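Quick note on numbering: the sequence shown equals residues 13 to 242 in the working numbering.
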Amino acid sequence: MKFSDFSRILFFTGAGLSAESGIPTYRGRGGVWKEYDWEEYACQRAFDADPEKVWDFHDERRRRIAAASPNDGHRVIAGVRRRLRSTSVVTQNVDGLHQRAGSEGVIELHGSLWRVQCPRERTVEENLETPIRSRRCGRCGGWLRPDIVWFGDMLDPAVVDAARAAIAACDLFVAVGTSGEVHPAAELPLAARAAGATLVEVNVEETRMTPLYDRVFRGPASRVLAAMLG
Ligand code: OAD
């Protein structure tokens with residue numbers, strides 16, 4: 013199977029794509045949620061109880077990601093998109109590595125660690141500092157928070173609509189490095205199925221969504237994606 017057999021490709025990516033950049037996935041061995049209890053670090057309740065502790069955790073993630081580089085998997089995707097402008101990237105990743113590899117127009121379902129929100133003023137700003145210089149809003153003095161989707165948060169409906177519109181138009185849906193455990197993102201392959209696309213899973217292991225896919229490629233994302241260049 014080659015990318016050149018298709019004209020509207022959609023990459024749906026998860027933490028496994030960034031694993032080869034040295035960034036831990038969330039589930040499985042060495043996963044973030046094995047080491048850290050999300051109820052203490054990744055929900056609004058935890059933030060309300062102890063914002064400094066939650067910020068320390070996210071600052072450390074930002075530091076680690078800033079020190080990492082995109083890998084060949086990110087680069088293959090960026091290259092496909094450069095050659096075929098109808099290509100879309102919908103990611104659950106908050107690390108910004110797609111963009112650093114050169115992908116434009118990335119639809120970030122779970123937000124970005126490189127933006128901060130002021131919930132009081134309802135503003136969002138880019139912030140690339142590691143560590144962040146001020147955890148408080150420069151205007152109102154309230155706590156800033158990372159502009160990512162924590163457990164229990166709603167996804168931004170406009171972002172979900174953009175993802176669904178892109179999926180409805182694709183003829184090849186390539187899920188890369190995602191466990192399919194987190195909803196509503198995990199339902200997006202069903203939308204691709206409904207749209208009549210060919211569904212491909214790229215993962216080092218079986219997932220609960222595997223039976224849904226037409227083709228399954230087992231192996232690290234960088235190698236499998238490079239092979240699909242033909
Ligand atoms: P997970 O950690 O749940 O799953 C990562 C997947 O990547 C697993 O299925 C692994 O088998 C696979 N994998 C690992 N290394 C790989 C490699 N080199 N090549 C290909 N596949 C590999 O990550 P996600 O599915 O992205 O939410 O998790 C979804 C969401 O759960 C995340 O966006 C995050 C988390 O809570 C937020 O941050 C809001």
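Heads up, the beta-carbon is just placed ideally off N, CA and C, and yes, glycines get one too.
Predicted model, so just to flag it, every value in this text is computed and none were measured.
Met240 sits buried, since 16 or more C-beta atoms from the chains shown fall within 10 Å of its C-beta. When the Cα atoms are used, Ser146 and Val236 turn out to be separated by approximately 41 Å. Ranked by Cα distance from Ala78, the options Trp126, Gly231, Lys46 and Ala31 are led by Trp126. Of the residues assessed, Arg132 falls on the exposed side of the cut-off, its CB having fewer than 16 other CB atoms within 10 angstroms. If only complete runs of 3 or more residues are kept, the region 90 to 165 shows the beta strand (DSSP E) at 100 to 103, 123 to 130, 135 to 138 and 157 to 160, in order along the chain. The DSSP-derived three-state label of Arg230 is strand.
Rounded to whole angstroms, the separation of the alpha carbons of Cys152 and Arg95 is 45 Å. An exposed status is given to Leu202, since fewer than 16 other beta-carbon atoms sit within 10 Å of its beta-carbon. Taking Ala207 as the centre and dropping the five residues before and after it, the same chain places the C-beta of Ile179, Ala180 and Cys182 closer than 7 Å to its C-beta, in chain order. Counting along the chain, no beta strand (DSSP E) covers Phe15, and no H or E run does either. Collapsing the DSSP output to three states places Leu241 in coil. Between the C-alpha atoms of Val128 and Val101 there is a straight-line separation of about 22 Å. The C-alpha of Gly154 lies about 12 Å from the C-alpha of Asp60.
Pairing Ala197 with Leu109 gives a Cβ-Cβ distance that is not under 8 Å. By the C-beta density criterion, Pro143 is exposed, having fewer than 16 other C-beta atoms within 10 angstroms.
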